[in-house]
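Heads up: the sequence shown begins at 2 in the working numbering, then just goes up one per residue.
For each residue, glycine too, the CB sits at the ideal point set by N, CA and C.
Remember, predicted model here, so these are calculated numbers, not experimental data.
For reference, the structure is listed below as structure tokens.
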Amino acid sequence: MIIEVITQIKSTYSSLTKSEQKVGEFILNNIDKIAYMSVTEVAKNCSVGEATVLRFCRRLGYNGFHGFKKEIIGIVQEEKKVETNKVDDEVFDEMSTMLEHTLQVQDLDTINKVAEEIKKANNIFIYGLGLSRLCAKAAEIRLSFLGYRVYAFEDKHIQLLKANLVSEDDVVIGLSVSGSTRETVKNIEIAKKNGATIIGITNYNPSPLADLSDYVLLSASKEFMETGTTLVTLTSQIFIIEQICNSLSKIDSERINTYKEKNFNSYD
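If you want it as structure tokens, here you go:
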């Protein structure tokens, strides 16, 4: 670790010459830069000769500046690797916690009822803005692969136009982490007035979206909102979509298998 090199320099400091102490002080104050400097640059910054820098390195037990710098580079790379692994672990833990909480607050009976509504729907419209728009498109692709007529329009004005065209035979899925996205709530309200079955996927119940929904599927906990919406939040929404698809595969297997076969044959 870098701290060990720093400790080593400090422990030998009193036995160094004044010129060598200059080198030691410079390295202590610029330990993160040494790996990218030449012996000439270090000597110049310390106002000493290159021989003094080499002698300083040998005092620490290295065969010269190259050996010393090699040691520093190795330590820096290892510490970066450890830090990267730490970040990876943090992201993994956050995603795992998100999924665990979503599973805990989920009602399987509601998931199955939602699947039944999608099974009998003429069309499925999915509304979402911001990051929820990404989940809307993912859900469109996922459900389309299973053979359902699904539409996720990215433009909020097109969403509004389509909301005016839905009927009581359609299902509309609204995605909003806060449950209060103005445009999404407005479009859901219009779709509900036209008789569509509304499914809300949100972190919050009660919320404007949840209040309009016939079925509410809760995504990750409210605590996750404290640090703002991130891509990790999408994990929770996509998990819910997968739960719905899993239920559909059980209650609508004949239709799904038929479509899968047709889809597969179309690539011949």
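Closest by CA to residue i, which one among the options?
| i | options | result |
| --- | --- | --- |
| I241 | C136, L29, N123 and T41 | C136 |
| A197 | D215, S220 and S181 | D215 |
| D253 | E117, I73 and T236 | E117 |
| E21 | Y260, E169 and N46 | N46 |
| T234 | T259, T203, P207 and N195 | T203 |
| N247 | L109, I191 and N124 | L109 |
| L147 | L55, S16, N258 and K114 | N258 |
| V24 | A192, L55 and E5 | L55 |
| T236 | L176, G68 and N206 | L176 |
| I239 | A221, E255 and L249 | A221 |
What did DSSP end up calling residue i once you bin it into helix, strand or coil?
| i | result |
| --- | --- |
| I125 | strand |
| Y37 | helix |
| I32 | coil |
| G175 | strand |
| L219 | strand |
| T236 | helix |
| T18 | coil |
| T103 | helix |
| V151 | strand |
| T182 | coil |
| G68 | helix |
| G25 | helix |
Measure the C-alpha to C-alpha separation of residue i and residue j and round it to an integer number of angstroms.
| i | j | result |
| --- | --- | --- |
| I199 | V173 | 5 Å |
| K34 | T18 | 23 Å |
| Q244 | I112 | 7 Å |
| A164 | E101 | 34 Å |
| F265 | K251 | 20 Å |
| N1 | L232 | Since the first residue of the chain shown is 2 and the last is 269, residue 1 is not available in this structure. |
| L132 | M38 | 44 Å |
| L219 | R183 | 19 Å |
| E79 | D171 | 56 Å |
| K261 | I119 | 17 Å |
| I10 | V40 | 17 Å |
| R134 | K193 | 20 Å |
| R150 | Q105 | 30 Å |
| T103 | N195 | 31 Å |
| T205 | L213 | Per the sequence shown, the amino acid found at residue 205 is Tyr instead of Thr. Taking the straight line joining both Cα atoms gives about 13 Å. |
| N30 | E42 | 15 Å |
| S208 | V115 | 19 Å |
| E26 | F57 | 11 Å |
| Y16 | G62 | Contrary to the premise, residue 16 reads as Ser rather than Tyr in this sequence. Straight-line Cα distance between these residues: approximately 14 Å. |
| I142 | R256 | 17 Å |
| T8 | H67 | 20 Å |
| I191 | E169 | 12 Å |
| S267 | N124 | 23 Å |
Round the Cβ separation of residue i and residue j to the nearest angstrom and send it over; I've been treating them as touching at under 8 Å.
| i | j | result |
| --- | --- | --- |
| A122 | A140 | The pair is not a contact, with the Cβ atoms about 14 Å apart (cut-off 8 Å). |
| V217 | G201 | 5 Å |
| A44 | I74 | That belief does not hold up - the Cβ atoms of A44 and I74 are roughly 19 Å apart, past 8 Å. |
| T13 | R60 | 6 Å |
| L210 | G180 | 4 Å |
| L166 | N188 | Actually they do not touch by this definition, with Cβ atoms about 11 Å apart. |
| V6 | I76 | 7 Å |
* Can you find at least 3 beta carbon pairs, one from the stretch 126-134 and one from the stretch 155-174, that sit closer than 8 Å? -> yes
* Contact the stretch 47-58 vs the stretch 88-102: 3+ CB pairs below 8 Å -> no
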